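Asker: Each residue of the sequence shown is one higher than the one before, starting from 436 at the first, in my numbering.
Glycine included, each C-beta is placed from N, C-alpha and C at the ideal position.
Remember, predicted model here, so these are calculated numbers, not experimental data.
What follows is a structure written as structure tokens; I'll ask about it next.
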Amino acid sequence: MRAFLMAMAVATITNAGVELTATKGGWDIKADGYTAQIGARGYLMGLESGGVQFLAPAGITPGGCYLCMEGHGPLEKVRREGETKLRGENRWGEIVYDFQPDRVLCTATNRFGKPLAFYFILNQELEKVVANRQQYAPLPTALQAAKSVWLKGKQALEMTGGNRAWGPWKEHQVWEARLAKDETRTVTLIPRLATKNELNPPVPIRFDFDVSGTGTTPTQIPLCMIGDSITWWRHGDYWRKYLLDEIPSLAFVGTHTAALGYSHAGEGGNSIDQVIARVGDIPDCPYYSLLIGTNNNNVKAAADLKPGSERSAKKIEELVNLLLKKPSVRKVFLGSILPCDTKNPLRDETNAATNVILRQRFADGAFAAGKVVWVEYEKPVRALPDWRPKIELHPIKEGYQFLAGILAETIKRELKPAAGKPQPKPNSGVR
């Protein structure tokens, strides 16, 4: 049975400012402000305005947008409703497209029985995105925002109704609306010219953190934890909780908080390159903990293992040197990349190969003596007989407790923190 069902083989429906034409494989849409295409799978496959194609073509990706959870498939029984709408459904849910003269409304309903992703895959030629009153570049990037504006030159695509953007996925930028069970949500796409503030956003307010630690007795030790989602996602905040159990005088510094409320600077991009791109937003701090690399190392072919690990090691060294340029920095605690238990064994092998290179770079004196401290996670983790269920890709609580013990011992050896829980000094502003 054909997944795409049309009442007429070829037909044109015209409404003021919008023209829908049925083709052999889908629909072509011409509107006052854009052109668009619905492909044979029933999904939006193109959205162009001002000579800029905003969505990724089919091929390496399933297309410009689709419903996904534990797989994905075409929309079935795609049919016209009224003069400007198309509707289709599958076992994941339903999408109604409403093509208006200046925008496209995509209303998705989750019928999968559990949370569902509504993905839009953006064209690789897009240059930057504006969200949360700041500009993110280069792409792909990671952010959390209901509204974002994607730019190429002076052309813009305003997207509302989402939860986050992330990537790279197959080298593409992904925009995601995460639908709860039975949820219906409308995603609005508005192709238009960029505004002046979108082309040149005002410089966001910058915050200076007091990292002296002198408001308590004993003095606190400010630590900024940097990395990918291992730093904060799911049980990630327990890493800091267990560190505090070991060293009560730690004070966490960062730009975000996670489940337990501890500050960190691990969110906003999961690759080494993305952390390098946002290094200016990472607070100045005397001490940094850095764990990064596994997302760069998800290679798919054995031939990519050696060049991939070499590139990751080089980029990690570049990032460490950027952190050493922070005004207050005293030490960077650089962690070996964790072993990981995923469906791709090459990822774990590339992580291990990257660590071999980094250890040799330490031995060769490539890192500033006394300012960069190696934290050996990999070897003790691999020595655990049950490390795989504890570490996975993102550790469980027991895994984070084990990592905290390793980092705490390294910090104690290097900094010799005072014993006891810090108490605020009178009139210091510390509570």
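#1: According to the neighbour-count rule (16 or more other Cβ atoms, all chains shown, within 10 Å of its Cβ), is Gly743 buried or exposed?
#2: Can you tell me which of Arg794, Pro603, Arg538 and Lys832 puts its alpha carbon nearest to the alpha carbon of Ser706?
#3: Write down every uninterrupted run of the beta strand (DSSP E) in the segment 577 to 604 whose length is 3 residues or greater and which is fully enclosed by it, in chain order.
#4: Going by C-alpha to C-alpha distance, which of Thr651, Lys520 and Ile751 sits closest to Pro786?
#5: Would you mind sorting Gly805 into buried or exposed? The rule is 16 or more other CB atoms within 10 Å of its CB.
#6: Does DSSP classify Tyr835 as helix, strand or coil?
#7: CA-CA distance, Lys760 and Met660?
#8: Which residue's Cα is closest to the Cα of Leu592: Thr496, Thr619, Ala801 and Thr630?
#9: Whose C-beta lies closer than 7 Å to the C-beta of Glu606 among residues of the same chain, with five residues either side of it excluded?
#10: So, do the segment 531 to 543 and the segment 450 to 460 have three or more beta carbon pairs nearer to each other than 8 Å?
#11: Helix, strand or coil, according to DSSP, for Phe797 in the structure here?
#12: Alpha carbon to alpha carbon, how far is Trp674 from Asp617? Give it in angstroms, no decimals.
#13: For Ser747, count neighbouring Cβ atoms within 10 angstroms of its own Cβ and tell me buried if that reaches 16, exposed if not.
#14: If you follow the beta strand (DSSP E) that Ala804 is in, where does it begin and where does it stop?
#15: In this structure, how does DSSP classify Tyr571 when only helix, strand and coil are distinguished?
#16: Can you tell me the Cβ-Cβ gap for Leu773 and Thr729, rounded? I've got them flagged as a contact below 8 Å.
#17: Who are the Cβ neighbours of Lys587 in its own chain at under 7 Å, not counting the five residues just before and after it?
#18: Could you give the uninterrupted runs of the alpha helix (DSSP H) lying entirely in the segment 695 to 759, keeping only those of 4 residues or more?
#19: Pairs of beta-carbons, one from the segment 621 to 635 and one from the segment 827 to 837, closer than 8 Å: are there three or more?
#20: Among Pro653, Lys589, Asn567 and Leu574, which one has its Cα closest to the Cα of Lys582?
#21: Whole angstroms is fine: what's the gap from Leu658's alpha carbon to Met504's?
#22: Looking only at its chain, what residues have a beta carbon closer than 7 Å to the beta carbon of Glu702, apart from the 5 residues adjacent to it on each side?
#23: With a cut-off of 8 Å, do at least 3 Cβ pairs link the segment 502 to 517 to the segment 470 to 480?
#24: Go ahead and label Leu614 buried or exposed: buried means 16 or more other beta carbons lie within 10 angstroms of its beta carbon, across all protein chains shown.
#25: Work out the CA separation of Tyr469 and Leu634 for me, nearest whole Å.
#26: Please check the pair Tyr723 and Leu758, which I expect to be a contact at CB under 8 Å, by giving their CB distance rounded to whole angstroms.
#27: On the criterion of 16 or more Cβ atoms from any shown chain inside 10 Å, does Ser484 qualify as buried, or is it exposed?
#28: What is the residue span of the beta strand (DSSP E) that Arg522 lies within?
Answerer: On the basis of the supplied data:
#1: In the sequence shown, the residue the question calls residue 743 occupies position 308. Counting Cβ neighbours within 10 Å, Gly743 comes out buried, since at least 16 surround it.
#2: Locating residue 706 in the sequence shown gives position 271, where the first residue counts as 1. Looking only at Arg794, Pro603, Arg538 and Lys832, the smallest Cα-Cα distance to Ser706 is reached by Pro603.
#3: Taking only runs of at least 3 residues, the beta strand (DSSP E) segments lying wholly in the segment 577 to 604 are 582 to 587, 590 to 595 and 599 to 604.
#4: By 1-based counting over the sequence shown, the position of residue 786 is 351. Here residue 786 is Asn; the residue named in the question, Pro, does not match the sequence. Minimum Cα distance to Asn786 is reached at Ile751.
#5: Position 370 of the sequence shown holds residue 805. The residue in question, Gly805, is exposed, as its Cβ has fewer than 16 Cβ neighbours within 10 Å.
#6: As a first step, residue 835 is located in the sequence shown; it is residue number 400 there, counting from the start. Helix, per DSSP.
#7: Translated into the one-based positions of the sequence shown, residue 760 becomes position 325. Translated into the one-based positions of the sequence shown, residue 660 becomes position 225. C-alpha separation (whole angstroms): 17 Å.
#8: Numbered from its first residue, the sequence shown carries residue 592 at position 157. Minimum Cα distance to Leu592 is reached at Thr630.
#9: Position 171 of the sequence shown, counted from the first residue, corresponds to residue 606. Only Gln559 meet the Cβ criterion.
#10: yes
#11: Position 362 of the sequence shown, counted from the start, is the residue given in the question as residue 797. In the structure shown, Phe797 sits in a helix (DSSP, three-state: H, G or I).
#12: Within the sequence shown, numbered from 1, the residue matching residue 617 stands at position 182. Within the sequence shown, numbered from 1, the residue matching residue 674 stands at position 239. For Asp617 and Trp674, the distance between alpha carbons rounds to 34 Å.
#13: In the sequence shown, counting from the first residue as 1, residue 747 sits at position 312. Looking at its Cβ environment, which holds 16 or more other Cβ atoms inside 10 Å, Ser747 is buried.
#14: Working through the sequence shown from its first residue, we reach residue 804 at position 369. Ala804 -> no beta strand (DSSP E), and no H or E assigned at all.
#15: For the purposes of this step, residue 571 is taken as residue 136 along the sequence shown, with counting starting at 1. Strand, per DSSP.
#16: Here residue 773 refers to the residue found at position 338 when the sequence shown is read from its first residue. Here residue 729 refers to the residue found at position 294 when the sequence shown is read from its first residue. That pair is a contact at about 7 Å.
#17: Position 152 of the sequence shown, counted from the start, is the residue given in the question as residue 587. Val487, Glu560, Leu561 and Glu562, listed in sequence order.
#18: 707 to 712 and 740 to 758
#19: no
#20: Within the sequence shown, residue 582 is the residue found at index 147, counting from 1. Answer by Cα proximity: Asn567.
#21: Residue mapping note: residue 658 aligns to position 223 of the sequence shown, counting from 1. Residue mapping note: residue 504 aligns to position 69 of the sequence shown, counting from 1. Computed Cα separation, rounded: 37 Å.
#22: Taking the sequence shown and counting its residues from 1, one reaches residue 702 at position 267. If you ignore the 5 residues before and after Glu702, its C-beta comes within less than 7 Å of the C-beta of Trp667 and His691, all in its own chain and listed in chain order.
#23: yes
#24: Residue numbering aside, residue 614 sits at position 179 when the sequence shown is read from its first letter. By the 10 Å Cβ count, Leu614 comes out buried.
#25: Taking the first residue of the sequence shown as position 1, residue 634 is located at position 199. Taking the first residue of the sequence shown as position 1, residue 469 is located at position 34. Across the structure, Leu634 and Tyr469 are spaced so that their CA atoms are roughly 21 Å apart.
#26: Residue mapping note: residue 723 aligns to position 288 of the sequence shown, counting from 1. Residue mapping note: residue 758 aligns to position 323 of the sequence shown, counting from 1. Yes, they are in contact, since the Cβ atoms of Tyr723 and Leu758 sit about 5 Å apart, within 8 Å.
#27: Here the question's residue 484 lines up with position 49 in the sequence shown. Burial call: buried.
#28: For the purposes of this step, residue 522 is identified with residue 87 of the sequence shown, where counting begins at 1. DSSP places Arg522 inside the beta strand (DSSP E), whose first and last residues are Lys520 to Glu524.
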